[in-house]
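So the structure is just underneath, and the comments pick up after that.
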Ligand SMILES: [Zn+2]
């Protein structure tokens, strides 16, 4: 069984070989650890030589091609998700610091007002609770100053 050279593996990675040669190399790769090692080394080298992609301009180009309406919807959606995440983090932080205990009464009030309107969706009541939390935090911060 003949081993393949670095150059041959490089040609394989760069897709410069004929289909039959490719198959030959692939078959060998499955049965030879030594060549597999060389092959991986070649991939690493090839990756280093690749030009660095400017992801920021790449994203801008994609955004420019998107229909404006769709884009706005997406931004709104992301913003909502972001706020839920912020609310979740704040809730967790408050729970662990014990601060949550002191504002529990306010949250319960919001809960009661939400349950009195059964047609309200879970997400909107959750949003109300989150907003109530934000307001309390805002007040607490102002008091602290
Ligand atoms: Zn080999």
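Numbering (my numbering), first residue to last: 214 to 358. C-beta atoms are modelled at their ideal positions from N, C-alpha and C, and glycine is treated no differently.
In angstroms, rounded to a whole number, what distance separates the CA positions of residue i and residue j?
i, j, result
"residue 273", "residue 224", "34 Å"
"residue 262", "residue 355", "54 Å"
"residue 255", "residue 345", "57 Å"
"residue 245", "residue 339", "58 Å"
"residue 215", "residue 260", "27 Å"
"residue 349", "residue 343", "10 Å"
"residue 247", "residue 302", "50 Å"
"residue 233", "residue 217", "14 Å"
Determine the DSSP secondary structure at residue i, reduced to helix, strand or coil.
i, result
"residue 227", "coil"
"residue 217", "coil"
"residue 245", "coil"
Relative to the C-alpha of residue i, which candidate in the options has its C-alpha closest?
i, options, result
"residue 235", "245, 221, 350, 246", "221"
"residue 226", "239, 216, 215", "239"
Would you say residue i touches ligand 3, meaning its beta carbon is less than 7 Å from a heavy atom?
i, result
"residue 245", "This structure simply doesn't include ligand 3; it includes ligand 1 instead."
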